[in-house]
Amino acid sequence: MNQQEIAALAELCKLEFNDQALEAFSEEFGAILAFVNQLAELETGDTDAYVSSLHAPLRTDSAQPGLPHEQVIRNAPETDGEGFLIPRVL
Amino acid sequence: MAEIYTLTVTELKQALADKSLSAKEIWAAFNARIDAADPHIGAFLTRTEQSPPTLEGPLSGIPFAIKDAFCTNGVRTTAGSRILDNFVPPYTATVVERLEQAGMASLGKLSMDEFAMGNANEHCAFGPVCNPQDLARVPGGSSGGSAAAVAAGMAPFALGSDTGGSVRQPAAFCGVVGFKPTYGLLSRYGLIAYASSLDTPGLLTRSVKDAQLLLPVLSGHDRHDSTSLAEAPAPARSVKGLRVGLPKEYFGEGVAQEVKVAVLRAAQTLRDLGAEVSDCSLPMTKYALPVYYLLACAEASSNLARYDGVRYGMRAEGADWSDMMTKTRTTYFGEEVKRRIMLGTFVLSAGYYDAYYLKAQKGRTLIRAEFDRAFEAYDLLLTPTSPVTAWERGSITDPISAYAADICTVSVNLGGLSAASIPCGRDSLGLPVGAQLIGNRMSDNTVLAAAAALEEAIGWDYTPVCGGKA
Numbered sequence: 001m002n003q004q005e006i007a008a009l010a011e012l013c014k015l016e017f018n019d020q021a022l023e024a025f026s027e028e029f030g031a032i033l034a035f036v037n038q039l040a041e042l043e044t045g046d047t048d049a050y051v052s053s054l055h056a057p058l059r060t061d062s063a064q065p066g067l068p069h070e071q072v073i074r075n076a077p078e079t080d081g082e083g084f085l086i087p088r089v090l
Numbered sequence: 091m092a093e094i095y096t097l098t099v100t101e102l103k104q105a106l107a108d109k110s111l112s113a114k115e116i117w118a119a120f121n122a123r124i125d126a127a128d129p130h131i132g133a134f135l136t137r138t139e140q141s142p143p144t145l146e147g148p149l150s151g152i153p154f155a156i157k158d159a160f161c162t163n164g165v166r167t168t169a170g171s172r173i174l175d176n177f178v179p180p181y182t183a184t185v186v187e188r189l190e191q192a193g194m195a196s197l198g199k200l201s202m203d204e205f206a207m208g209n210a211n212e213h214c215a216f217g218p219v220c221n222p223q224d225l226a227r228v229p230g231g232s233s234g235g236s237a238a239a240v241a242a243g244m245a246p247f248a249l250g251s252d253t254g255g256s257v258r259q260p261a262a263f264c265g266v267v268g269f270k271p272t273y274g275l276l277s278r279y280g281l282i283a284y285a286s287s288l289d290t291p292g293l294l295t296r297s298v299k300d301a302q303l304l305l306p307v308l309s310g311h312d313r314h315d316s317t318s319l320a321e322a323p324a325p326a327r328s329v330k331g332l333r334v335g336l337p338k339e340y341f342g343e344g345v346a347q348e349v350k351v352a353v354l355r356a357a358q359t360l361r362d363l364g365a366e367v368s369d370c371s372l373p374m375t376k377y378a379l380p381v382y383y384l385l386a387c388a389e390a391s392s393n394l395a396r397y398d399g400v401r402y403g404m405r406a407e408g409a410d411w412s413d414m415m416t417k418t419r420t421t422y423f424g425e426e427v428k429r430r431i432m433l434g435t436f437v438l439s440a441g442y443y444d445a446y447y448l449k450a451q452k453g454r455t456l457i458r459a460e461f462d463r464a465f466e467a468y469d470l471l472l473t474p475t476s477p478v479t480a481w482e483r484g485s486i487t488d489p490i491s492a493y494a495a496d497i498c499t500v501s502v503n504l505g506g507l508s509a510a511s512i513p514c515g516r517d518s519l520g521l522p523v524g525a526q527l528i529g530n531r532m533s534d535n536t537v538l539a540a541a542a543a544l545e546e547a548i549g550w551d552y553t554p555v556c557g558g559k560a
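Those protein sequence lines, which keep their order, are chains V and W. At position 8 of the first sequence the residue is numbered 8 (my numbering), and the sequence of numbers has no breaks. Converting from the second sequence to my numbering requires adding 90 to each position, the first position being numbered 1.
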C-alpha cells in the first residue's frame, strides 16, 4: 500500500499520522500484509465461514432496568446534566 | 509458619477455617508485600483503598487482584490505555461480582498491554511490568500484571483475560498456573472488549487446586452475556488411561530446544501417571496466526470505534465533532492499538473483505474442524505454552516477530477450547518453561485434573519471588 492509501485508511479509522509516521507505517503495513497473506495458499473450497453467534441463546425482547442516568453520564467529557455535549457537527 | 503472602487460596481458606489466621492479618500481609515488591515490578495500576474485607461468603477474607480490563464499580479502570485514564465504571464485571459475592476482596487493578493487545506487557500506556523471575525480562502479556502479581506473592490469585494466549503465556513466563476456560463458561460482561468472539476471562494462581476451587465460583450463565453458556462442564476424568496427543507442529521450527526438552519430559511424566501419550499432527496450525490476527484485528477495529470522546474516556480539543474524534483517538491510543485498528479496518473494507476477513473465518471453521477430529482420537493435547521463555525488555521491536511468539496459544481461542499452562521446568538461564494442556470445549475439569496430577508429579516450587529471590 502506498502512503496515499494508508492516509485514506487512517481517515476511515479516525486516526491521523504525520508524513514521517505515514512512511514508517506504510512499510510496516506491507510486512504485516505479507505475513497474513500466507492464508492465500489455504484451500477453503465450499467451507462455511465461522459464525460465532450461531448458537447464542436468544432472550425475550423485553425492557430491562438500565443503569441510573446520573451514573451513566458521570464519565462524559462534557454534559449539560441531561445529555452528552459535542463540538459542532456542521 | 510460612509468610502469609506465600500461601495459596486453598491454604488461606484452611487457615481462616481453623482460625490460625484472621482476615485482617491476611489483608495486611498482602498489602505489605505489595508495598515491598511492587516498586520493583510495577504490576498495580490502582490500589484498592479499603479496610480489611468484611464480606461474608465461602471465600471470605481471601484477597485477589484484577486485570485492569475488568470493570469495577467506582474504581478506575483503564484497560492499560490513556484513552480510559479517567474512566470510573458505573458497574462491575460479572466475574468480579461473583468473587465478591463469595466474600473475596480486591487488592487492586493490574497492569496489562493496552486493550490486551500484546504479549510482553510493553504496550501498557502506564509503563512496563518486570518479570519477578528476572526483573530485566518481560512478564509476558497481555495479563502481565496479573501473572507478575501472583508470581511475586502480591496476590494469591488474579483475574486475567485470554484472547490469544494472554493468560497462559504470561503464566508460563512468570512460573505460575494460567487457566483459560472454554469460551462462554465465564461471562464477558464488564470485560472491556478486544475481540469478542475470542475474549475469555481466565485465572492465574500458584496451584492448579486453586483454579479448581475458583472455577465453579466464577462460572455459570449470565443473562448479560449472550454467549454465556447455560450448561456446566463435564465431570473430570482421571489421568490414568487418558489419551494425550503431542501435535508435532507445536514442537517444530522456532521452538527453543530447552522448551521442547522440558515439555517432552512432562509428556513422559504423564505416561508414568498412566496416560497413553502419542504423537499426532494438526496441519492447520500453520494458518492459525494469520487467521487469528485478521479476525482479532477486525473485531478490535469495530469494538474500539466506541472510543469517540463523547460518552466516556478522554477527549482532545477539535474544530468540530469529527476533528475532535480524530484528535482524541490519535492522541490517546498507543501505537500497537492504532496498528491493529488500521489492519482490522483494512480487512473489513470493500474490496478486501473476501480475500482477508471471509477467508480467515473459513480458516477458523477448518481449524475448529481439525480440533474436533483430534478430540475424537485424543482426550487432551500437550504442547509448549510459548516457543521461548521470557525475553529481555525491549529486545523484540518488530510486530511480526512479536505476533509469531503467539503460535502455541492462538489456536485454542479460535477453537473456543479450554487450556491450562503449568510450569514444567527451567531453561539454562533459570527461566520457567510452561507446558500447555489443551482439552475440548467443556472438558475444563479434565484439563485441570490432568494439570493437577502433572503439577504434583513435577513438584514445582511456587515460592513467590521478586527479582529471582524470595
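The C-beta atom is built at its ideal place from N, Cα and C for all residues, glycine as well.
Chain-order list of residues whose beta-carbon lies under 6 Å from that of residue i (same chain, five-residue window excluded)
i, result
"residue 317(W)", "274"
"residue 295(W)", "247, 267, 301"
"residue 95(W)", "119, 120, 123, 243"
"residue 437(W)", "384, 388, 446, 447"
"residue 505(W)", "458, 461"
Proximal residues of chain V, C-beta to C-beta of residue i below 7 Å
i, result
"residue 186(W)", "In chain order: nothing, as chain V lies at least about 16 Å away."
"residue 450(W)", "39"
"residue 361(W)", "What residue 361(W) touches in chain V: nothing, since even the nearest Cβ is about 35 Å away."
"residue 484(W)", "The premise fails here: residue 484(W) is roughly 18 Å from chain V at the closest Cβ pair, so nothing lies under 7 Å."
"residue 436(W)", "9"
"residue 384(W)", "36"
"residue 410(W)", "87, 88, 89"
"residue 428(W)", "15"
"residue 154(W)", "What residue 154(W) touches in chain V: nothing, since even the nearest Cβ is about 25 Å away."
Nearest candidate by alpha-carbon position, reference residue i, set the options
i, options, result
"residue 311(W)", "278(W), 520(W), 267(W), 413(W)", "278(W)"
"residue 265(W)", "495(W), 159(W), 472(W), 525(W)", "525(W)"
"residue 222(W)", "256(W), 252(W), 262(W)", "262(W)"
"residue 507(W)", "270(W), 147(W), 360(W)", "270(W)"
"residue 326(W)", "536(W), 109(W), 108(W)", "536(W)"
"residue 131(V)", "191(W), 456(W), 429(W)", "With chain V running from 1 to 90 in the structure shown, residue 131(V) is simply not present."
"residue 527(W)", "332(W), 203(W), 103(W)", "332(W)"
"residue 272(W)", "291(W), 283(W), 212(W)", "291(W)"
"residue 87(V)", "466(W), 189(W), 405(W), 515(W)", "405(W)"
"residue 45(V)", "530(W), 453(W), 493(W)", "453(W)"
"residue 501(W)", "381(W), 401(W), 410(W)", "381(W)"
"residue 130(W)", "441(W), 155(W), 418(W), 219(W)", "219(W)"
"residue 546(W)", "329(W), 413(W), 177(W)", "329(W)"
"residue 409(W)", "402(W), 418(W), 403(W)", "418(W)"
"residue 529(W)", "472(W), 490(W), 520(W)", "472(W)"
"residue 149(W)", "110(W), 101(W), 169(W)", "101(W)"
"residue 549(W)", "515(W), 533(W), 531(W), 534(W)", "515(W)"
"residue 139(W)", "199(W), 464(W), 489(W)", "199(W)"
Opposing strand residues paired with residue i [DSSP bridges]
i, result
"residue 387(W)", "According to DSSP, which records beta bridges pairwise, residue 387(W) is partnered with nothing at all."
"residue 221(W)", "224(W)"
"residue 155(W)", "248(W)"
"residue 406(W)", "DSSP output for residue 406(W) lists no bridge partner at all."
"residue 291(W)", "251(W)"
"residue 199(W)", "136(W), 156(W)"
"residue 270(W)", "509(W)"
"residue 525(W)", "474(W), 512(W)"
"residue 48(V)", "Answer is none; residue 48(V) lacks a bridge partner."
"residue 300(W)", "Beta-bridge pairing links residue 300(W) to no other residue."
Closer than 8 Å at the beta carbon, the chain V residues around residue i
i, result
"residue 490(W)", "31, 32, 35"
"residue 405(W)", "77, 78"
"residue 431(W)", "13, 15"
"residue 380(W)", "35, 36, 37, 38, 39"
"residue 446(W)", "36, 39"
Neighbourhood of residue i by C-beta distance below 8 Å, restricted to the same chain and skipping five residues each side
i, result
"residue 153(W)", "116, 117, 120, 143, 194, 195, 196, 197, 245, 246"
7 Å Cβ cut-off: residues of chain W touching residue i
i, result
"residue 52(V)", "287"
"residue 71(V)", "180"
"residue 28(V)", "489"
8 Å Cβ cut-off: residues of chain W touching residue i
i, result
"residue 65(V)", "In chain order: nothing, as chain W lies at least about 12 Å away."
"residue 22(V)", "Those do not exist, as residue 22(V) stays about 11 Å from chain W at its closest Cβ, beyond 8 Å."
Close Cβ partners of residue i (< 7 Å) along its chain, the five nearest in sequence each way excluded
i, result
"residue 320(W)", "311"
"residue 553(W)", "96, 560"
"residue 345(W)", "474, 477"
"residue 206(W)", "159, 232, 251, 253, 256, 284"
Contacts that residue i makes with chain W (C-beta to C-beta distance below 9 Å)
i, result
"residue 16(V)", "416, 417, 419, 420"
"residue 48(V)", "451, 452, 455"
Interface residues of chain V facing residue i [CB-CB closer than 9 Å]
i, result
"residue 401(W)", "72, 73, 75, 76, 77, 84"
"residue 340(W)", "By Cβ distance, chain V contributes nothing, its closest Cβ being about 18 Å from residue 340(W), past 9 Å."
> Which runs of the beta strand (DSSP E) fall wholly inside the region 327 to 365 of chain W and span at least 3 residues, in chain order?
Replying inline: 333 to 337
> Whole alpha helix (DSSP H) runs in the region 444 to 521 of chain W with 4 or more residues, listed along the chain?
Replying inline: 449 to 467, 489 to 494, 500 to 505
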